[in-house]
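Shown next, in C-alpha cells, is the structure this report addresses.
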Amino acid sequence: MTNKDICMLLKKVVAIYTLRGENRFRIIAYERTIESLEKSPFEAKDLWKEGRLMEINGIGQTISAHLDELFRIGKVEYFEELFSHYPDSMFPLLEVAGLGPKKAYYLADKLRLKDPTTAIEDLLKAAYADKIAKLEGFGSKSQSDIIDALERFREGQKKEVRISLPLAEGLAQKIIDYLNECSACSEIFPLGSLRRQLSTIGDIDLAVATNKPQTVLDWFTAYPHKSKVIESGPAGATIILSGGQHVDLRVQDPTSFGSMLQYFTGSKHHNIHLREIAIKQGLSLSEYGIKPINKIRNSKSEIRNYNDKKNLYEFAKEKDYYRFLGLEWIPPELREDNGEIEAAKNHNLPLLIEKKDIKGEFHIHTSYNLEPSHDLGLSDLKTILLKADSLGYEYIGISDHNPSKTHHTESEIISIMKARKYYYEQIKASNKNTRVNLFIMLETDILTNGELALPNDAFEYIDASIVSIHSNFNMNKVEMTDRILKGLSHPKAKMLAHPTGRLINKRAGYDLDWQKIFSFCRINDKALEINSFPDRLDLSDMMVREAIKNQVKLVINTDSHEVSQIDLIKYGISVARRGWSTKADILNCMPYNKVKEWLKI
DNA sequence: GCCGTTTTCGGCCCGACTGTTTTCAGTCG
Numbered sequence: 196m197t198n199k200d201i202c203m204l205l206k207k208v209v210a211i212y213t214l215r216g217e218n219r220f221r222i223i224a225y226e227r228t229i230e231s232l233e234k235s236p237f238e239a240k241d242l243w244k245e246g247r248l249m250e251i252n253g254i255g256q257t258i259s260a261h262l263d264e265l266f267r268i269g270k271v272e273y274f275e276e277l278f279s280h281y282p283d284s285m286f287p288l289l290e291v292a293g294l295g296p297k298k299a300y301y302l303a304d305k306l307r308l309k310d311p312t313t314a315i316e317d318l319l320k321a322a323y324a325d326k327i328a329k330l331e332g333f334g335s336k337s338q339s340d341i342i343d344a345l346e347r348f349r350e351g352q353k354k355e356v357r358i359s360l361p362l363a364e365g366l367a368q369k370i371i372d373y374l375n376e377c378s379a380c381s382e383i384f385p386l387g388s389l390r391r392q393l394s395t396i397g398d399i400d401l402a403v404a405t406n407k408p409q410t411v412l413d414w415f416t417a418y419p420h421k422s423k424v425i426e427s428g429p430a431g432a433t434i435i436l437s438g439g440q441h442v443d444l445r446v447q448d449p450t451s452f453g454s455m456l457q458y459f460t461g462s463k464h465h466n467i468h469l470r471e472i473a474i475k476q477g478l479s480l481s482e483y484g485i486k487p488i489n490k491i492r493n494s495k496s497e498i499r500n501y502n503d504k505k506n507l508y509e510f511a512k513e514k515d516y517y518r519f520l521g522l523e524w525i526p527p528e529l530r531e532d533n534g535e536i537e538a539a540k541n542h543n544l545p546l547l548i549e550k551k552d553i554k555g556e557f558h559i560h561t562s563y564n565l566e567p568s569h570d571l572g573l574s575d576l577k578t579i580l581l582k583a584d585s586l587g588y589e590y591i592g593i594s595d596h597n598p599s600k601t602h603h604t605e606s607e608i609i610s611i612m613k614a615r616k617y618y619y620e621q622i623k624a625s626n627k628n629t630r631v632n633l634f635i636m637l638e639t640d641i642l643t644n645g646e647l648a649l650p651n652d653a654f655e656y657i658d659a660s661i662v663s664i665h666s667n668f669n670m671n672k673v674e675m676t677d678r679i680l681k682g683l684s685h686p687k688a689k690m691l692a693h694p695t696g697r698l699i700n701k702r703a704g705y706d707l708d709w710q711k712i713f714s715f716c717r718i719n720d721k722a723l724e725i726n727s728f729p730d731r732l733d734l735s736d737m738m739v740r741e742a743i744k745n746q747v748k749l750v751i752n753t754d755s756h757e758v759s760q761i762d763l764i765k766y767g768i769s770v771a772r773r774g775w776s777t778k779a780d781i782l783n784c785m786p787y788n789k790v791k792e793w794l795k796i
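Just so we're aligned, residue 196 is where the first sequence starts under this note's numbering, counting upward by one.
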C-alpha cells in the first residue's frame, strides 16, 4: 500500500463527497491529505509503523484512523460502504480533461457504463453514437468536447502530462520569443511550477503585462505550434501544443502586474495560506490586488497604490505585495506552504544558495578509456578544464566509472588506475593557463554485497571516490541500506551519487532507511549528492530538506558525460533551493582548500 | 475533517471560463 495507492483511494472519496454535496471543507481536508501524500518523500505506511501518521500535514484524527484500518486489514469499511452506492466505471472517467465527479457519475449512470476497465472506450462509443448530446445538461458542443478529450486520453495524455523542466523551459522560451514579436507585450514571465522550478512541469504558465490585453490574447491563440485553443476569455487563454502540453497565458495591466506574478506563481496551497492570513488582517487577495474587506480602507491607506474606483490596492511589484501583508519577499522555489510564510513573517527565511556560490563539482566523466563498467564520457579533460575555468570554478573532480571487473583481473585494474592518474596529471600540468584545480576521483559501483568494485590497492591512485548503485535495484529497504552503508564505509568513499537511483517517469528508485543513512553520513563526514541530471534530480527537493534538518552535507554534481552538460548544474541548484539549502549546506560552495581538507587529502 | 500568537468551537481563498442555461452548475487553477 503505497502513497500512490492511498491517493487513488482518497480521490474516490473526494469524488463521492463532491457528488453528494458534502461539506466542502471536509472535501478540502481530504484534498490536503492527498496533496501531502503526493509530495511526501516518505511512505505513509512507514510513518504509520512508527506511529507518526499525524505528522503528515493535513492528517488528523479521522483520516489517520481510516489509514490505520487500511494498513491493518487492507481496506476501510467506511469507504467500501461509500463506494458501494456508485458505479466503479465512473472513476476512470475522472482522469479525462473536463470531466469531474458530477459529469462522470451522470454519464456512467445514464449510459449504463458497467465495466471500469472499458469505461473510456464505452463512453467514446456512446459519444460517436450521438447519445451524449441527448442527455439533459449536455449538448452537441459538450459531446464533441468529450470526444476530443477522450481521443487525447487514448493517446496517453491524461489530465496531467508532466514533462521535464528543461523541456518545459524550451517550449516556454519558444512561446516567449513568439510573444516578443507582438509589440503590445511589455513584460513576459514564465510562472507557475516553471518559476518555482519543480522537477517536472504539468502546465506551462505565462503572464504578460500589457495595456492591450485583447491584442496579446489574439496573438497568443494564433500561435503556430498549437493544436487547439481550449479556452479564451478577456483575462487569459489556454492552448494545447502539438506535443500535448497545456499553455496558460494570463494578461494583466502593468499597474497590477506584481499581484499577477504572485497569484500565478502559486503554489495553490501557498496562495490559500496567504489568503487565510490576509482575511485575519481584513484583506482579500486576488490576482488584481489586495482589497479591504467591507470596503473600509485600513490604516495602510497612506500607501499610494490605492485605487479608489476599484477599492483595491494595486501592486506593480511582487515584493510590495508581500510587504503589504507584513511579509518578506519569498523566493518562488519555497512557495509550497511548507513553513515559508511563517519564516517570511519572522524574518528567518533561509538565504538560498545561488549559482555564483558554486565553486566546482566532483562528478564529471571524461573520454579517457579505462574500459569502464558503464558508459564513458565524450569530452576530454582539457576541454572540461577550459569549461570549468570559464565558469570561474576553483576545482573539478573527475569521476569516471570504475574499470569493468568482469573484463579485468585485479592487477590489470590496478595498472589501469595507475596509468589513468599519470595521464590526468600530465594533462593538468600541460594546461598552465587554467587555474582550475583537479581532483582525480572515481565513481565506484557498490556491489550487491556492499563491497566496492575496485581492488583496495587501486584506491591509492585516486583522491576520493563517489560511490553509487548501478545494479540489482530490487533489494528491500533493509538490505539496500546495509549495502550502501557498507560501501560508504570505505575511508575514500566520500559521496553517495544519485542516492535513490530514481529516473523520473521511468524508475521509482529504491527505498532506504533514511534515518540510518543520515546519521551515518553526519557522523562519518559523507556527503549526499544532488544529481543535476534532469532525469534524476536525486536527491529530491523534499529529501534535501530532510538531509539538512539532519545536518548532512550535500553536494551538487552534474554527472556530465559531455562538456556542455556541466551547465545542467542549474537544475541541481534549483533542487537545492527548493530544499531550503543555503551555501553552508553545500559542499561545493566551499573553497578549494576547505574541500581538500574535507576530503582528507 | 482540520486546526489554534485573536479560537478546543467556529471558522475555513478567490476567480475565470464554458455550455446550457434564462441565472447557473461544473470544472479548473
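Idealized CB from N, CA, C, for every residue including glycine.
Keep in mind that this is a model prediction, so the values were computed, not measured.
query, result
"Local conformation of L204 per DSSP, three classes", "helix"
"Beta strand (DSSP E) runs wholly inside the region 516-582, at least 3 long, in chain order", "555-559"
"Inter-residue Cα distance where the pair is S481 and Q256", "33 Å"
"Rounded straight-line distance, which links the Cα of E230 to that of S462", "12 Å"
"Neighbourhood of R530 by C-beta, 7 Å cutoff - its chain only, sequence neighbours within 5 removed", "R391, T460, G461, S462 and H465"
"Close-in-space but distant-in-sequence residues of the same chain around D552 (CB under 6 Å, 5 per side omitted)", "K778 and C784"
"8 Å CB neighbourhood of S496 in its chain, flanking five on each side removed", "The pLDDT assigned to S496 is 49, lower than 50, so where the model puts this residue is not dependable; a value taken from the coordinates is nonetheless given after this. Answer for S496: no residue qualifies."
"Proximity of V747 and R717 at Cβ, strictly below 8 Å", "yes"
"Cross-strand partners of T777 (DSSP beta bridge)", "L547"
"Span separating the alpha-carbon of S769 from that of S378", "32 Å"
"Beta-carbon gap between T676 and D708 smaller than 8 Å", "yes"
"Backbone secondary structure at V424 - three-state DSSP", "strand"
"Cβ distance (whole Å) where T405 is taken to contact V446 below 8 Å", "5 Å"
"For R702, the residue or residues it bridges with in DSSP", "L698"
"Residue from H685, K789 and F668 whose Cα sits closest to the Cα of P694", "F668"
"Q440 (DSSP reduced to helix, strand or coil)", "coil"
"Exposure label - H558; buried when at least 16 CB within 10 Å", "buried"
"CB of Y225 within 8 Å of CB of L205, strictly", "yes"
"For G453 and E382, believed in contact at Cβ under 8 Å, the rounded distance", "At roughly 11 Å, the Cβ-Cβ gap does not stay under 8 Å, so E382 and G453 are not in contact."
"Burial state of Y590 (16 or more Cβ within 10 Å)", "buried"
"Among K486, S755 and N745, the one whose alpha carbon lies nearest that of H560", "S755"
"Runs of alpha helix (DSSP H) wholly within the region 210-236 (minimum 4 residues, chain order)", "219-234"
"Per-residue DSSP class, three states only, for L763", "helix"
"Endpoints, beta strand (DSSP E) assigned at I718", "Element bounds for I718: not the beta strand (DSSP E) but the alpha helix (DSSP H), W709 to N719."
"Backbone secondary structure at S496 - three-state DSSP", "The predicted model places S496 with a pLDDT of 49, which falls under 50 and marks its position as unreliable, so this point remains unresolved."
"Alpha carbon of E233 to alpha carbon of G216, nearest angstrom", "25 Å"
"Distance between E549 and T433 (C-alpha atoms, nearest Å)", "33 Å"
"Stretch pair the region 323-340 + the region 274-289: three plus CB contacts closer than 8 Å", "no"
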